[in-house]
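All residue numbers for the sequence shown refer to our numbering, where the first residue is 451 and numbers rise by one. Glycine included, each C-beta is placed from N, C-alpha and C at the ideal position. Everything numeric in this text was worked out from a predicted model, so none of it was measured. First comes the structure, then the notes that go with it.
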Amino acid sequence: MSFDGKRLVIVGGGSGIARRIAVDARAAGAEVVFAGRNPERFTEPGIVTEYADLGDESSLKALAETVGELDFLITLAAAPANGPVATLDRDAVTRAFDAKVIGPMMLAKHFAPRFRAGGAIVLFSGVAAWRPMPERAVMATTNGAVAFLAEALAVELAPVRVNAVSPGIVDSGAWDRLGDAKDDFLRRTAEANPARRVGGTADISTATLSLLANPFITGTTLHVDGGGRLS
Numbered sequence: 451m452s453f454d455g456k457r458l459v460i461v462g463g464g465s466g467i468a469r470r471i472a473v474d475a476r477a478a479g480a481e482v483v484f485a486g487r488n489p490e491r492f493t494e495p496g497i498v499t500e501y502a503d504l505g506d507e508s509s510l511k512a513l514a515e516t517v518g519e520l521d522f523l524i525t526l527a528a529a530p531a532n533g534p535v536a537t538l539d540r541d542a543v544t545r546a547f548d549a550k551v552i553g554p555m556m557l558a559k560h561f562a563p564r565f566r567a568g569g570a571i572v573l574f575s576g577v578a579a580w581r582p583m584p585e586r587a588v589m590a591t592t593n594g595a596v597a598f599l600a601e602a603l604a605v606e607l608a609p610v611r612v613n614a615v616s617p618g619i620v621d622s623g624a625w626d627r628l629g630d631a632k633d634d635f636l637r638r639t640a641e642a643n644p645a646r647r648v649g650g651t652a653d654i655s656t657a658t659l660s661l662l663a664n665p666f667i668t669g670t671t672l673h674v675d676g677g678g679r680l681s
């Protein structure tokens, strides 16, 4: 894939998957802008950084004005609010929806008029929507909402294309928090997946850039989970 002359804005993340997408897109010729609440942490050469908070619409409007015209937009922030429903904190739930649903909707609001011909948006969902588990009600709901948001925006923003990527378990650094238990967790996950492996950041990056590049895919959620939603 060649992205020569294309301007790509990535909002949220900052490490793992977001960083891999940014690096791969840059290598393919794209001008990449990364925006997040801590842009100073993103230090990849040749990538412009800006401030954006998906819970603050004014920052998203300012980002759109700074970027100007663009070709592609990816939003992949998350703010998990895991726990039993009986103990959920309303503010944490709101932040989860800001990151996954409301914030991306506001991004679409402010960026929609700025897309060049052939423009596309990729939102990030997740396998939790298709495999709900106890204490993951917020995660399942926000990720599920992303899939429907992609369909709705694909209709409303046409001809700008809008799709979603739904990753499964990916060894992106997010599971490092498990410490010594990480390897066993990933091994058991791989054994249960039909693909018999867990994902890597390259798997998600390739799928995401493919959605941006293909002019005949819109309103679709692409499951990049090794079949994890089926196991």
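Nearest Cα to A663 within the set S465, G479, R469 and G466: G479. Counting the other CB atoms within 10 Å of its CB gives A614 a total of 16 or more, which places it among the buried residues. Shortest Cα-Cα distance from A472 to any of E515, I524, N488 and L520 involves I524. For the beta strand (DSSP E) assignment, the uninterrupted runs of no fewer than 3 residues enclosed by the stretch 502–539 are, from N- to C-terminal side, 520–525.
Just measuring C-alpha positions, the residue of M583, F484 and P534 sitting nearest G496 is F484.
Shown here for F522: same chain residues with a beta carbon closer than 6 Å to its own, the five before and five after excluded, namely L458, A570 and L662 in chain order. Here L607 carries a coil assignment [DSSP, helix/strand/coil]. In the three-state scheme derived from DSSP, where H, G and I count as helix and E and B as strand, R646 is classed as coil. Residue state for P617 is assigned as strand, using DSSP reduced to three classes. In the structure shown, F565 falls within a strand segment according to DSSP collapsed to helix, strand and coil.
Straight through space, the alpha carbons of L510 and L557 are spaced by roughly 6 Å.
DSSP places A663 inside the alpha helix (DSSP H), whose first and last residues are T651 to A663. At a cut-off of 4 residues, the continuous stretches assigned as alpha helix (DSSP H) that sit fully inside the stretch 452–496 are 467–477. Taking each of I467, A475 and L538 in turn and checking the Cα distance to P584, the smallest one comes out for L538. Going by beta carbons, S508 and S575 fall outside the 8 Å limit. Nearest Cα to A604 within the set I667, N643 and A645: I667.
A buried status is given to A531, since no fewer than 16 other beta-carbon atoms sit within 10 Å of its beta-carbon. DSSP places E585 outside both helix and strand once states are collapsed to three, so it counts as coil. Closest in C-alpha terms to F561, from the list A549, V517 and A528, comes V517.
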